[in-house]
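Novice: So the sequence lines, in the order shown, correspond to chains G and Y. Taken in order, the first sequence gives residues 1 to 295; the numbers are from our numbering. Taken in order, the second sequence gives residues 1001 to 1295; the numbers are from our numbering. C-beta atoms are modelled at their ideal positions from N, C-alpha and C, and glycine is treated no differently. Handing you a structure now.
Protein chains: 2
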Amino acid sequence: MSTEENIAKTIDGKTIAANIRTGIKEDVDKLVASGKRAPGIVVILVGDRQDSHTYVRNKKKTATEMGFVSIDCILPGNTSQEEVIEIVRKYNQMPEIDGILVQLPLPSHINEETVLNEIDITKDVDGFHPINIGKLAMRGRVPLFEPCTPKGCIELLLQSGVTIEGKNAVVLGRSNIVGLPVAMLLMNRNATVTICHSKTANLKEVVAQADILVAAIGVAKFVKKDWVKKGAVVIDVGMNTDENNKLCGDVDFNEVKHVASQITPVPGGVGPMTIAMLLKNTLISAMRRQGVEKL
Amino acid sequence: MSTEENIAKTIDGKTIAANIRTGIKEDVDKLVASGKRAPGIVVILVGDRQDSHTYVRNKKKTATEMGFVSIDCILPGNTSQEEVIEIVRKYNQMPEIDGILVQLPLPSHINEETVLNEIDITKDVDGFHPINIGKLAMRGRVPLFEPCTPKGCIELLLQSGVTIEGKNAVVLGRSNIVGLPVAMLLMNRNATVTICHSKTANLKEVVAQADILVAAIGVAKFVKKDWVKKGAVVIDVGMNTDENNKLCGDVDFNEVKHVASQITPVPGGVGPMTIAMLLKNTLISAMRRQGVEKL
Ligand SMILES: NC(=O)C1=CN([C@@H]2O[C@H](COP(=O)(O)OP(=O)(O)OC[C@H]3O[C@@H](n4cnc5c(N)ncnc54)[C@H](OP(=O)(O)O)[C@@H]3O)[C@@H](O)[C@H]2O)C=CC1
Ligand SMILES: NC(=O)C1=CN([C@@H]2O[C@H](COP(=O)(O)OP(=O)(O)OC[C@H]3O[C@@H](n4cnc5c(N)ncnc54)[C@H](OP(=O)(O)O)[C@@H]3O)[C@@H](O)[C@H]2O)C=CC1
């Protein structure tokens, strides 16, 4: 059918995310024009990890551009768990806040689960509360929010014209924030899903079954050309640095593009989708909390 | 390696469950001897489905034999949702009740999700609350209770000396009560898990990858000999009736026993494990609620 010359279509997450942001901005304008509040989001960041600060700054900039009210709550690294919880509770009570995001990872003296469980589930725009994950996994239940990066992966597939139903989807990774929820979303859309992890014995063989491959393991250029089935669609969630200290994914893009039919680049693939989906979730929350069904 | 003469070892769920029940009875005796209450369970049954009544009768009989306090709350089919919820709330409040079980399916005028969500999660011995399912699915989270039939499947594997870690496990079915939670339990034990369902395109090929196959679809003798990999371990959750109106599983036992290394029969495989695991969960709850860590 195809020759070795074939090169996969690059899934342009940057442009897709930009279009989604435009749509969000329009919706926020309509919301405000109808006399309602703009969506409000607070990001709680504890400590001074550089990557977290960069990410939070980006979130704020984008949220503000979209017309959101965006609050950053930057706390010193030695803030106690009790103080963080108190702050979460304060924002739970604030009617003008629709989304609360606790930037992970938290410093090691703070229990992540305890803090995340404090977030009012109607404001859990990250979708990480066990109730949300439970509903995501269960038939006939609808979570209030779908986790952002996984939702971004699905959006990329849909906007690239990929049929999910009936396909073999292989997910590399089973983390709470990416691997597991993306597997559940693919299952909900009727893919046959296989979840792999560090204890998978025959990874190469399993990956070879994939019509849709989602890589979320955090190992630079791990997935090689000869692992991937010809024509597979490859979504690369990884954000790693390569030998030249350049950002790269979990997939060896330059190799795998010769066998895949479509593939996301890193950067410019899944990355830009995460913030777009976070803002979309916050918009959904703002509408819901103000009784607006449609704009 | 092996010749056509090889016949799979039958996994004797009846005996395994009986041994578990003996252990539970001993633990209940110890609990009571230490001055604590025996575990208390209530089963709420609405309507007059014959299979449900038989099942509830069995539960009560077994629970009573184990020394549990067992209450049946049998309600007419026209009981309103509000009344059922009020009854659930009543048992939520009763300190001597450790487990509340609402027999499914409920009559169609009652919303299953709404009723199940009312059960105090510390008494949700069926493990069906979304918080429990969420925690089951998430890394580093521990559900209060693991759903009974799935827990029974794992117990059968463990007691049959089957290594789960690193194996390819294929689960047929993704229901909230069997398929999905059994897949999560297998993943938690480090199997590479594939979840299949009615939209799976190439079921036969997927099943052929399985070192461990769990069938929970509800179609009599669906899985055939030529689907199953030689040496696979087969757990058959199905409870169906065959052409002669005899109870049978989702697997064609008489065929598949010639290729599998171990296989559960129907009846006498998974079936007896469910009530045993329910009573185990209720015992765990009774200990937890009375501050008993070890017996
Ligand atoms: N684009 C974006 O917006 C986002 C990108 N990311 C990126 O995605 C990647 C994954 O992130 P995250 O899910 O948080 O990572 P985690 O470290 O939490 O999880 C990694 C998962 O991959 C599995 N794994 C690790 N090594 C291997 C291996 N050699 N073979 C098979 N499986 C393996 C682990 O298995 P086990 O469970 O057995 O340990 C684990 O399930 C990272 O590069 C991260 O930076 C993350 C979030 C958002
Ligand atoms: N031993 C015990 O104690 C128990 C036994 N059971 C038995 O287990 C079986 C399953 O029960 P339950 O999970 O409640 O059933 P459900 O009907 O809720 O779920 C059946 C699942 O199987 C899938 N399925 C149905 N037909 C096919 C097919 N032809 N090919 C592939 N997948 C298919 C469905 O897919 P989709 O999601 O796409 O519809 C669905 O996910 C039944 O026989 C039941 O009696 C159940 C509970 C306890």
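Would you mind telling me which residues of chain G sit closer than 8 Å to arginine 1139(Y), beta carbon to beta carbon, in chain order?
Specialist: Within 8 Å Cβ-Cβ: Arg174, Ser175, Asn176, Leu180.
Novice: Under the criterion of a Cβ to heavy atom distance below 7 Å, does lysine 199(G) qualify as lining ligand 1?
Specialist: Yes; taking the cut-off as 7 Å, the Cβ of lysine 199(G) has a heavy atom of ligand 1 nearer than that.
Novice: If you reduce the DSSP assignment to three classes, tell me which class glutamine 1262(Y) lands in.
Specialist: Strand, per DSSP.
Novice: Looking only at C-alpha atoms, which of Lys1204(Y), Pro1143(Y), Val1207(Y) sits nearest to proline 1181(Y)?
Specialist: When each option's Cα is compared against that of proline 1181(Y), the closest is Pro1143(Y).
Novice: Name, please, each residue of chain G whose Cβ falls closer than 7 Å to the Cβ of cysteine 1148(Y).
Specialist: Result: empty, since nearest Cβ-Cβ is about 16 Å, beyond 7 Å.
Novice: Within 8 Å, do at least three Cβ pairs link the stretch 1166-1181 of chain Y to the stretch 1191-1200 of chain Y?
Specialist: Flag = yes, the stretch 1191-1200 of chain Y and the stretch 1166-1181 of chain Y touch.
Novice: At a cut-off of 7 Å, is leucine 1297(Y) close to ligand 1 when judged by its beta-carbon and the heavy atoms of the ligand?
Specialist: Outside the shown range of chain Y, which is 1001 to 1295, sits residue 1297(Y), and nothing can be said about it.
Novice: I'd like to know if isoleucine 1110(Y) contacts chain G, where contact means its C-beta is closer than 8 Å to some C-beta of that chain.
Specialist: No, isoleucine 1110(Y) does not count as interfacial toward chain G.
Novice: With a CB to CB cut of under 6 Å and the five nearest residues on each side skipped, what residues in its chain are close to arginine 289(G)?
Specialist: These residues qualify, in order along the chain: Asp98.
Novice: Say whether chain G places a C-beta atom closer than 8 Å to the C-beta of threonine 1192(Y).
Specialist: So, interface residue.
Novice: Just to make sure I have the definition right: I need the residues of chain Y whose C-beta is within less than 7 Å of the C-beta of proline 130(G). Which are they?
Specialist: Within chain Y, the residues near proline 130(G) are Ile1131, Gly1134, Lys1135, Met1138, Arg1141.
Novice: Could you work out which residue in Ile1121(Y), Met1138(Y), Thr1054(Y), Ile1154(Y) is closest to valine 1214(Y) when comparing CA atoms only?
Specialist: Selected option, being the one with the closest Cα: Ile1154(Y).
Novice: Say the cut is 7 Å; is the CB of glycine 1218(Y) nearer than that to a heavy atom of ligand 2?
Specialist: Indeed, a heavy atom of ligand 2 lies less than 7 Å from the Cβ.
Novice: Taking Cβ-Cβ distances shorter than 8 Å, what residues in chain Y pair up with cysteine 304(G)?
Specialist: Chain G is shown only over 1 to 295; residue 304(G) falls outside these bounds and no answer can be derived.
Novice: Identify, in the order they occur along the chain, each residue of the same chain with its Cβ nearer than 8 Å to the Cβ of leucine 1157(Y), setting aside the five sequence neighbours on each side.
Specialist: Correct list, in chain order: Ile1164, Ile1212, Val1233, Ile1235.
Novice: Return yes when at least one heavy atom of ligand 2 lies under 7 Å from the C-beta of leucine 136(G), else no.
Specialist: It does not: the Cβ of leucine 136(G) is nowhere closer than 7 Å to a heavy atom of ligand 2.
Novice: Compute the minimum distance between the beta carbon of methionine 1184(Y) and the heavy atoms of ligand 3, and state whether it is under 7 Å.
Specialist: Ligand 3 is not part of the structure shown, which contains ligand 1 and ligand 2 as its ligands.
Novice: According to DSSP, what are the bridge partners of alanine 1299(Y)?
Specialist: Given a span of 1001 to 1295 for chain Y in the structure shown, any question on residue 1299(Y) remains unanswerable.
Novice: To which residues of the same chain is lysine 224(G) closer than 8 Å at the C-beta, ignoring the five residues directly before and after it?
Specialist: Around lysine 224(G): Asp252, Glu255, Val256.
Novice: With glycine 1040(Y) as the anchor, note down where its beta strand (DSSP E) starts and where it stops.
Specialist: Start and end: 1040-1046.
Novice: If contacts are defined as beta-carbon pairs under 8 Å, then aspartate 120(G) and asparagine 132(G) qualify, I think. What distance do you get, rounded to the angstrom?
Specialist: Not confirmed; about 12 Å, so no contact.
Novice: Return the chain-ordered list of same chain residues with a C-beta closer than 8 Å to the C-beta of asparagine 58(G), the five sequence neighbours on each side being excluded.
Specialist: If we look at asparagine 58(G) and ignore the five residues flanking it on each side, its Cβ neighbours are Ile275.
Novice: For ligand 2, is there a heavy atom less than 7 Å away from the beta-carbon of glycine 1179(Y)?
Specialist: Yes, since a heavy atom of ligand 2 falls inside the 7 Å radius drawn around the Cβ of glycine 1179(Y).
Novice: Return the CA-CA distance between asparagine 1281(Y) and proline 95(G), expressed in angstroms with no decimal places.
Specialist: Answer to the nearest angstrom: the Cα atoms are 40 Å apart.
Novice: Counting only beta-carbon atoms, is glycine 1231(Y) nearer than 8 Å to chain G?
Specialist: Chain G contact via Cβ: absent.
Novice: Closer than 7 Å by beta-carbon distance: list the chain Y residues that pair up with glutamate 165(G), in chain order.
Specialist: What glutamate 165(G) touches in chain Y: Lys1199.
Novice: Among the residues of its own chain, which have a CB less than 6 Å from the CB of cysteine 1148(Y), if the five just before and after it don't count?
Specialist: Thr1274, Met1277, Leu1278, listed in sequence order.
Novice: Look up threonine 62(G) in the DSSP assignment and say whether it is helix, strand or coil.
Specialist: Threonine 62(G) falls in the helix class under three-state DSSP.
Novice: Can you list, in chain order, the stretches of the alpha helix (DSSP H) that have 4 or more residues and sit fully within the stretch 140-167 of chain G?
Specialist: DSSP runs (the alpha helix (DSSP H)) wholly in the stretch 140-167 of chain G: 148-159.
Novice: Just to confirm, is the Cβ distance from aspartate 1126(Y) to leucine 1101(Y) under 8 Å?
Specialist: Yes, these two residues count as a Cβ contact at 8 Å.
Novice: How is the beta strand (DSSP E) around valine 296(G) delimited, first residue to last?
Specialist: The question about residue 296(G) has no answer, for chain G in this structure spans 1 to 295.
Novice: Which one or two residues does DSSP pair with lysine 1009(Y) in a beta bridge?
Specialist: In the DSSP output, where bridge partners are listed per residue, lysine 1009(Y) has Gln1262(Y).
Novice: Rounding to the nearest angstrom, what Cα-Cα distance links valine 292(G) and valine 1056(Y) in this structure?
Specialist: Taking the straight line from one Cα to the other gives about 45 Å.
Novice: Could you check how far apart the C-beta atoms of asparagine 1240(Y) and valine 1219(Y) are, in whole angstroms? I think they sit under 8 Å.
Specialist: With 8 Å as the limit, asparagine 1240(Y) and valine 1219(Y) qualify as a contact, their Cβ atoms being about 7 Å apart.
Novice: When you measure from the CB of arginine 1174(Y) to every non-hydrogen atom of ligand 2, does any distance come out below 7 Å?
Specialist: Checking every heavy atom of ligand 2 against the Cβ of arginine 1174(Y), one is found closer than 7 Å.
Novice: Report the three-state DSSP secondary structure of valine 251(G) (helix, strand or coil).
Specialist: In this structure, valine 251(G) counts as strand in the three-state DSSP scheme.
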